[in-house]
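Written below as structure tokens is the structure these notes are about.
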Amino acid sequence: MKPEVNLGPYEMVIGLETHVQLRTKTKLFCSCATSFGAEPNTQVCPVCMGLPGALPVVNAHAVRLAALAGLALEARIHPVSRFDRKHYFYPDLPKGYQISQFFHPLCQGGRLVIQTGAGPKVVGITRIHMEEDAGKLLHGGEAGSLLDLNRCGVPLIEIVTDPDIAGPQEACAYLRKLRAVLTCAGVSDCRMNEGSLRCDVNLSLRKPGALLGVRTEIKNLNSFQSVERAIWAEAARQAEALRRGEPILRETRRFDPVTGRTYAMRMKESTQEYCFFPEPDLPPVLLRPETVKDLRASLPILPDARTERFMTVFGLSPYVAEQLTQRRWLADYFEETACLAHNPVSVANILLGEVFALLKARQGEETDGIPVAPRRLAALSDLVSGGQVNSSAGKRILAALFEEDFEPWEYARSFDLLLLREERALREAVSRALEENPAMVAAYRGGKSSVEQALMGKAMALTGGKAEPEMLKKLLREALQEQTT
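The working numbering puts the first residue of the sequence shown at 686, with every later residue one more than the last.
The structure is reproduced here in structure tokens:
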């Protein structure tokens, strides 16, 4: 929801730097594991701890995944790229420098098309480079801070956009689309709650058509909500400073979700302060044309193409099709289920409605699977779309399917959930409803058509709520028309 922010004559100009953890089992320059949630400092070695004499060795699989990300984002893959040392001092960086790519990145250029209120928009990508992650500081108040080096050396790509983004909604649309593309390509799981997708926001204000203003950087945002709130907060702060005639400082800031404000951390470092120079312990990274060709051929169908396919083949709306392609596992699950069901639109509605509500209640926002076999969900969809059970019964059956495997029709029969579709029984219910409510019938004859709904309720009650609604409504209208002729 948009907060009450008055930017006056200014507009936002935003660029994003997104750090994505590559889906490897080992780190970028050593054989330590990358498993999330391990005990602190149990996935470390002399290389990732930066001990003297330890020599890095490049993880070839990480290089291939980084190149695959570049191909998925339509970037140019350089046949020769190199690693560099980026120097800065912080407790979570034991070497005193980070191995990154500055002078010769793996990928340059690229684009990502997002949907905005005004239609499709292209967000340009400046560069994609590889780098190692730093460790993690755990602040304990007066007790001091603790250091976990498990993340040191975890393989990352940093994806830097052009300053093409005009607001928080576009920023979140870009991040969601980026997550969809990278997870579909198998590059990363992009779990923001685990830190495998993190975002830095570069933001400035300017008057329309004017030169770019001084930008600030908001670091380490790990949820879409944080990105949106941080952008609004920083834009409001800058607008107020400009109204007062105060200069905007080129600084790094952090967002506090409790106060909803950004706070200065330090002045933004210049390129010279990082003292970049080529990493002497690593050779150039060489990607042969045939390797790039093989990687391109291995790309699966990406979200945009799959969205179009779902609209064409299964008759889905653009919005529903796009939602189903946000995750590769979800798109695969839907496609398998839809091919087994009579009504693919019903399958999509159940997935995005009741299924996701159950998943969120049980597992939170991040999940990578549904504990129901596609054939079972297809059978349940057919029961609901075919009018054999109502939506309430459908939800009950689905909740039970989350706990154990069974045939939905058998469950509905066993628990007396099947709707009454026998025409003779429905006609009897309609006749009784009319006989027992002569005043309503008289009102209907007098032109008060609104009583039809009340009579529908009476007839439904006589069936114990088990009548198939459309059949009952049709028979009731026929009976009422006979009463008026």
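Note that beta-carbon positions come from the ideal geometry of N, C-alpha and C, so glycine has one too. Predicted model, so just to flag it, every value in this text is computed and none were measured.
Original post:
Excluding the five sequence neighbours on either side, which residues of its own chain have a C-beta within less than 8 Å of the C-beta of Gly1130, listed in chain order?
Top reply: Reading the sequence shown from its first residue, position 445 is the one you call residue 1130. A small fix is needed here, since residue 1130 is Arg in this sequence, not Gly. A distance below 8 Å between beta-carbons, with the five flanking residues on each side excluded, links Arg1130 to the following residues of its chain, in chain order: Gln1168, Thr1169.
Subject >> Span of the beta strand (DSSP E), counted from its first residue to its last, around Arg939 >> reply: Against the sequence shown, residue 939 aligns to sequence position 254. Start and end: 936-941.
Original post:
Grouping DSSP H, G and I as helix and E and B as strand, with all else coil, what is Ser1135?
Top reply: For the purposes of this step, residue 1135 is identified with residue 450 of the sequence shown, where counting begins at 1. For Ser1135, the secondary structure class from DSSP, reduced to helix, strand or coil, is coil.
Original post:
Terminal residues of the continuous beta strand (DSSP E) containing Val1074?
Top reply: Taking the sequence shown and counting its residues from 1, one reaches residue 1074 at position 389. It is not in any beta strand (DSSP E) - Val1074 carries neither H nor E in the DSSP assignment.
Original post:
Is it the case that the Cβ atoms of Gln797 and His814 are separated by a distance below 8 Å?
Top reply: Position 112 of the sequence shown holds residue 797. Position 129 of the sequence shown holds residue 814. According to the sequence provided, residue 797 is Leu. The question's Gln does not apply to it. 8 Å or more divides the Cβ of Leu797 from the Cβ of His814.
**OP:** Return yes when the Cβ of Tyr773 is within less than 8 Å of the Cβ of Tyr959, no when it is not.
**Re:** Indexing the sequence shown from 1 puts residue 959 at position 274. Indexing the sequence shown from 1 puts residue 773 at position 88. Closer than 8 Å, so yes.
**OP:** Sort out for me which residues DSSP pairs Arg981 with in a bridge.
**Re:** Here residue 981 refers to the residue found at position 296 of the sequence shown. Paired residues: none, contrary to the question.
**OP:** Drop a sphere of 10 angstroms on the beta-carbon of Glu1095, count the other beta-carbons inside from all chains shown, and report buried for 16 or more, exposed for fewer.
**Re:** Taking the sequence shown and counting its residues from 1, one reaches residue 1095 at position 410. Counting Cβ neighbours within 10 Å, Glu1095 comes out exposed, since fewer than 16 surround it.
**OP:** Have a look at Ala745 and His763 and give me their C-alpha separation to the nearest angstrom.
**Re:** The residue you call residue 745 lines up with position 60 of the sequence shown. The residue you call residue 763 lines up with position 78 of the sequence shown. Roughly 15 Å between the two C-alpha positions.
Subject >> Where the beta strand (DSSP E) through Cys857 begins and ends >> reply: Taking the sequence shown and counting its residues from 1, one reaches residue 857 at position 172. No beta strand (DSSP E) contains Cys857, which is instead part of the alpha helix (DSSP H) from 853-870.
Original post:
What residues match up with Asn887 in a beta bridge as DSSP calls it?
Top reply: The sequence position of residue 887 within the sequence shown is 202, counting from 1. Note: Asn887 sits in a beta bridge opposite Gly700, Glu902.
Original post:
Tell me the DSSP bridge mates of Val705?
Top reply: Counting from one through the sequence shown, the residue named residue 705 turns up at place 20. Partner(s): Ile842, Leu882.
Original post:
How would you label Pro968, buried or exposed, when you count the other beta carbons within 10 angstroms and need 16 or more for buried?
Top reply: Against the sequence shown, residue 968 aligns to sequence position 283. That one is exposed.
**OP:** Please list, in chain order, all residues of the same chain as Glu1021 whose beta carbon is under 8 Å from its beta carbon, the five residues on each side excluded.
**Re:** Stepping through the sequence shown from its first residue, residue 1021 is reached at position 336. Within the same chain, Glu1021 has close Cβ partners Pro1059.
Subject >> Cβ-Cβ distance between Ala754 and Val872 below 8 Å >> reply: What you label residue 754 is simply residue 69 of the sequence shown in a count that begins at 1. What you label residue 872 is simply residue 187 of the sequence shown in a count that begins at 1. Yes; because the gap between Cβ atoms is below 8 Å, this pair is in contact.
Subject >> Per DSSP, the bridge partner or partners of Pro711 >> reply: Taking the first residue of the sequence shown as position 1, residue 711 is located at position 26. Checking the sequence shown, residue 711 turns out to be Thr, not Pro. DSSP lists Ala718 as partners of Thr711.
Original post:
Can you tell which of Arg767, Lys1158, Gly781 has its C-alpha closest to the C-alpha of Gly820?
Top reply: Walking along the sequence shown from the start, residue 820 turns up at place 135. Residue nearest to Gly820 within the set Arg767, Lys1158, Gly781 is Gly781 (criterion: CA-CA distance).
Subject >> Counted within 10 angstroms of its Cβ, other Cβ atoms place Ser955 as buried (16 or more) or exposed >> reply: Residue mapping note: residue 955 aligns to position 270 of the sequence shown, counting from 1. Burial call: exposed.
Subject >> Where Asp769 falls: helix, strand or coil (DSSP) >> reply: For the purposes of this step, residue 769 is identified with residue 84 of the sequence shown, where counting begins at 1. DSSP places Asp769 in strand when its eight states are reduced to three.
Subject >> Val992: first and last residue of the uninterrupted alpha helix (DSSP H) it sits in >> reply: Numbered from its first residue, the sequence shown carries residue 992 at position 307. The question names Val, but residue 992 in the sequence shown is Thr. Its alpha helix (DSSP H) spans residues 988-999.
Subject >> Asn907 vs Met952 beta-carbon contact at 8 Å >> reply: In the sequence shown, residue 907 corresponds to position 222, counting from 1. In the sequence shown, residue 952 corresponds to position 267, counting from 1. For Asn907 and Met952, no; Cβs fall outside 8 Å.
Original post:
At which residues does the alpha helix (DSSP H) containing Gln957 begin and terminate?
Top reply: As a first step, residue 957 is located in the sequence shown; it is residue number 272 there, counting from the start. Annotation: Gln957 is outside any alpha helix (DSSP H) and is labelled neither H nor E by DSSP.
Original post:
Can you tell me whether DSSP reads Lys643 as helix, strand or coil?
Top reply: Examination of residue 643 is not possible in this model, given that the chain is present from 686 through 1170 alone.
Subject >> His746, enclosing beta strand (DSSP E) - first and last residue >> reply: Here the question's residue 746 lines up with position 61 in the sequence shown. For His746, there is no enclosing beta strand (DSSP E); the enclosing alpha helix (DSSP H) has its first and last residue at 745-757.
Subject >> Proximal residues to Ser911 (C-beta, below 7 Å), its chain only, five neighbours per side dropped >> reply: To locate residue 911, count along the sequence shown from 1; it is residue 226. These residues qualify, in order along the chain: Phe940, Pro942.
**OP:** Pair every Cβ in the segment 831-844 with every Cβ in the segment 719-733, then say whether three or more of these pairs are closer than 8 Å.
**Re:** In short, these stretches touch, since the Cβ pair count reaches three.
**OP:** Use the C-beta contact count for Asp1053: other C-beta atoms within 10 angstroms, 16 or more gives buried, fewer gives exposed.
**Re:** One-based indexing of the sequence shown puts residue 1053 at position 368. Asp1053 is exposed by the Cβ-count criterion.
**OP:** Quickly, what does DSSP pair Met815 with across the bridge? List them, please.
**Re:** Here residue 815 is taken as the residue at index 130 of the sequence shown, counted from 1. DSSP output for Met815 lists Ile842 as bridge partner(s).
Subject >> Proximity below 8 Å, CB of Ile1055 to CB of Leu1044 >> reply: On the sequence shown, residue 1055 is found 370 positions in, with the first residue counted as 1. On the sequence shown, residue 1044 is found 359 positions in, with the first residue counted as 1. Inclusion of Ile1055 and Leu1044 in the CB contact set at 8 Å is warranted, their separation being smaller than that value.
**OP:** Using DSSP bridges, identify the partner residues of Val970.
**Re:** Here residue 970 corresponds to residue number 285 of the sequence shown, with the count starting at 1. Val970 pairs with Ser766.
**OP:** On the DSSP bridge assignment, give the partners of Arg761 in chain order.
**Re:** Residue 761 sits at position 76 when you count from the first residue of the sequence shown. Per the DSSP secondary-structure output, Arg761 pairs in a beta bridge with Gln793.
**OP:** Specify the secondary structure class of Leu822 as computed by DSSP and reduced to three states.
**Re:** Counting from 1 along the sequence shown, the entry for residue 822 is found at position 137. Of the three classes helix, strand and coil, the one that applies to Leu822 here is strand, per DSSP.
Original post:
Skipping 5 residues on each side, what residues in its chain have a beta carbon closer than 8 Å to that of Lys1158?
Top reply: The count along the sequence shown starts at 1 and reaches residue 1158 at position 473. Met1141, listed in sequence order.
Original post:
Three or more C-beta pairs closer than 8 Å, one from the segment 1068-1081 and one from the segment 1118-1126: is that the case here?
Top reply: In short, these stretches do not touch, since the Cβ pair count stays below three.
Original post:
Are the beta-carbon atoms belonging to Ile699 and Ile916 less than 8 Å from one another?
Top reply: Residue mapping note: residue 699 aligns to position 14 of the sequence shown, counting from 1. Residue mapping note: residue 916 aligns to position 231 of the sequence shown, counting from 1. Less than 8 Å separates the beta-carbon of Ile699 from that of Ile916.
**OP:** Return the residue from the list Leu1147, Leu1083, Asp1090, Ser1135 that minimises the CA-CA distance to Glu1113.
**Re:** Along the sequence shown, one-based indexing puts residue 1113 at 428. Out of Leu1147, Leu1083, Asp1090, Ser1135, Leu1147 has the C-alpha closest to the C-alpha of Glu1113.
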